[in-house]
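Q: I'd like to ask some things about the structure below.
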Amino acid sequence: MNPKDLWLAIIKDLEKDIKRANVITWFRNTAVLSVDKGVMTIGLPLPVFLNWHTQNYADITLKFAKSHNPEIKQVAYDVDITLSDADPRVIDLLQYFPEKESRKLPKKAEVKLKGGVVSKMLNPRYSLDNFVIAPENRLAHAASMAVSKDPGENYNPLFIYGGVGLGKTHLLQSIGREILRNDPSKVVVYTTTEEFTNELIEGIQSRNMNRFRNKYRKVDTFIIDDIQFIANKNRTEEEFFHTFNSLYEAGKQLVISSDRPPHELTLLSGRLSSRFESGMTVDVKMPDYESRLVILKNKCQEAQVFINEQVLEFIAFNIDTSVRALIGVLNQVIAQYELEHTAPTVKSTSEIIKRSKKEVKMIGFIKDDPTPHRAVTLDQLTDYVSEYYTIPKSEVLGESRTRECLLPRQIIMYLAKTRLGFSLAKIGQALGNRNHTTVMHAISKMQTMLRNDRQLLCDTNAIIKEAGIH
Ligand code: ADP
Ligand code: MG
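Written out as structure tokens, the structure is:
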């Protein structure tokens, strides 16, 4: 086997264990320079590759090399900055590992269960095993374990509360998955308060409340996320109370999350809140420094990247607001690393942290009650947003409920209200004759999403600038 074929065979083997993106990054412009007296010498195009290869890939490279040529006993590395695409010794990796078709958004984020019950998909990324236990969330984790083992038995309802990005959704989804793993015949519904409200409104509008009520009778475990959004929606509160009671009386497990403890929710003048308190109430807070470091290390392992310990310590030390922010910074560090091929340092990381803190502050930039900019019409706003998302205006105004159409529509509604000061009725009318409650929900959904989704925040800010309505 000539060196080039040998190297291709080895890389093909490696690709089964290493993510494609890493193969492209770290094996591009590399080559087997020689195989001599049992030593296979690999040429690397840049010095920074050296550390990376010796630390991460040397062992498996040797393993696969041996499988193709048993005489090889050792791998050695040599930096050769002349290695490039044009070099005949180099393999065109993109030809052998073409980019997979870009991932489409999943068509369905929901599953239909028995009797027309709908649950949102449970994300396999979330499990009780990969939740890092810290003193600040130990009790919440333990209660989640207990509930997953014996749903409906001990802690019912289980109420988990805490600020944004501290692991509530992670725990709730893990509970659902664990219950299903133990007994796949169980009907487990995980939903958000928003989804529940939408469904309820549909029920009311189609005068089909009985169907709505009946279907929840078949549920064994009902998990509802972010119940704080139910506040001040009286009809939803009443209906939820009803659903809650019938499930509770039938001994079904209920799991609820919220950004604050039950007594601060004062739902239905306390009637619903006191129901929540009748089971087990636990909180999640920001994990301590050591646990934050463990979270970061686990994430690096998951992503198969090696990041200097000092850098991880620096992130863990500086990000103390939410786990989501912690992981967000790490992801940016990794992204920069992969793009620029330079190992992250404390200095480069501090730049990223500074930037991300600024972006968080940008939330203040989207004010909810600015002076209205009536100079821009609803029609023009619709044009700006459709163009921004390169989606036909007719689609935005139409009936489709795919994410591609829904999101631009929600942005228009949100900006029409908060920036242009139009009434809900007027906005609904202009956007394909929609009901004012639909508009209201779209706006409150946007407000939630803007708090959690940095990309959306950037997009929305860009649209605001483009339309000249800041
Ligand atoms: P919340 O629902 O409280 O806003 P999430 O559950 O969405 O927060 O958590 C935000 C991110 O942080 C998720 O990616 C989640 O997996 C991660 N996360 C939060 N807490 C932990 C933890 N203790 N261990 C591991 N990952 C965590
Ligand atoms: Mg959540």
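Reading the sequence shown from the start, the letters are residues 152 to 621 in the working numbering.
Each residue gets a CB set at the ideal place from its N, CA and C atoms; glycine is no exception.
All values derive from a computational prediction rather than experimental measurement.
1. In the DSSP output, what is PHE310 paired with across the bridge?
2. Leaving aside the five residues before and after MET431 along the sequence, list all residues of the same chain whose C-beta is less than 6 Å from its C-beta, in chain order.
3. Might you give, ordered along the chain, the residues of its own chain that have their beta carbon closer than 6 Å to the beta carbon of ARG328, omitting 5 neighbours on each side?
4. Compute the Euclidean distance between the alpha carbons of ASP534 and GLY619, then round it to the nearest angstrom.
5. From what residue to what residue does the alpha helix (DSSP H) around GLN531 run?
6. Which value, in whole angstroms, describes the spacing of the CA atoms of ILE485 and PRO196?
7. Taking a contact to mean a Cβ-Cβ separation below 9 Å, would you say PHE391 touches PHE347 in this structure?
8. Given this structure, state the Cα-to-Cα distance separating ARG570 from GLY479, to the nearest angstrom.
9. Does LEU607 come out as helix, strand or coil in the three-state DSSP assignment?
10. Taking C-beta to C-beta, are TRP122 and ILE232 nearer than 9 Å?
11. Can you give me the Cβ contacts of SER185 inside the same chain, cut-off strictly under 6 Å, excluding the 5 residues immediately before and after it?
12. Tell me TYR228's beta-bridge partners as DSSP assigns them.
13. Leaving out five residues on either side along the sequence, give the residues of the same chain with a beta carbon under 8 Å from the beta carbon of GLU166.
14. Going by DSSP, which residues form a beta bridge with THR342?
15. Hey, could you find the ends of the alpha helix (DSSP H) LYS577 is sitting in?
16. How close, in whole Å, do the beta carbons of GLY318 and ASN288 come, if the pair is a contact with beta carbons under 8 Å?
17. Whose C-beta lies closer than 6 Å to the C-beta of PRO154 among residues of the same chain, with five residues either side of it excluded?
18. Is the stretch 392-412 close to the stretch 275-286, with three or more CB pairs under 8 Å?
19. Which partner residues does LYS271 have in the DSSP bridge list?
20. Could you check if VAL190 is buried or exposed, using at least 16 other CB atoms within 10 Å of its CB as the buried criterion?
21. With 16 as the cutoff for other CB atoms within 10 Å, does LYS596 come out buried or exposed?
22. With SER185 as the anchor, note down where its beta strand (DSSP E) starts and where it stops.
23. Start and end of the alpha helix (DSSP H) containing THR387?
24. Relative to ligand 1, is the shortest distance from any of its heavy atoms to the C-beta of ASP376 smaller than 8 Å?
25. Which residues in the same chain as PHE573 place their Cβ atom closer than 6 Å to its Cβ, once the five residues preceding and following it in sequence are excluded?
26. Let me know if GLU388 comes out buried or exposed under the rule of 16 or more other beta-carbons within 10 Å of its beta-carbon.
27. How many angstroms separate the CA atom of ILE470 from the CA atom of ASN361?
A: With the structure as the only source:
1. ILE407, THR432.
2. Cβ neighbours of MET431 beyond the five flanking positions: ALA294, TYR306, LEU309.
3. LEU273
4. 13 Å
5. Note, GLN531: alpha helix (DSSP H), 529-539.
6. 21 Å
7. yes
8. Separation of ARG570 and GLY479 (C-alpha to C-alpha, rounded to the nearest whole angstrom) is 29 Å.
9. Three-state result, LEU607: helix.
10. The requested residue 122 does not occur in the structure, where the chain is confined to residues 152 to 621.
11. Result list for SER185: THR192, in chain order.
12. DSSP links TYR228 through a beta bridge to ILE193.
13. VAL174, PHE248
14. ILE375
15. 575-581
16. So it is a contact: roughly 6 Å between Cβ atoms.
17. Contacts found: VAL183.
18. Too few Cβ pairs lie closer than 8 Å, so no.
19. GLU261
20. exposed
21. buried
22. 182-187
23. 385-400
24. yes
25. ALA567
26. buried
27. 48 Å
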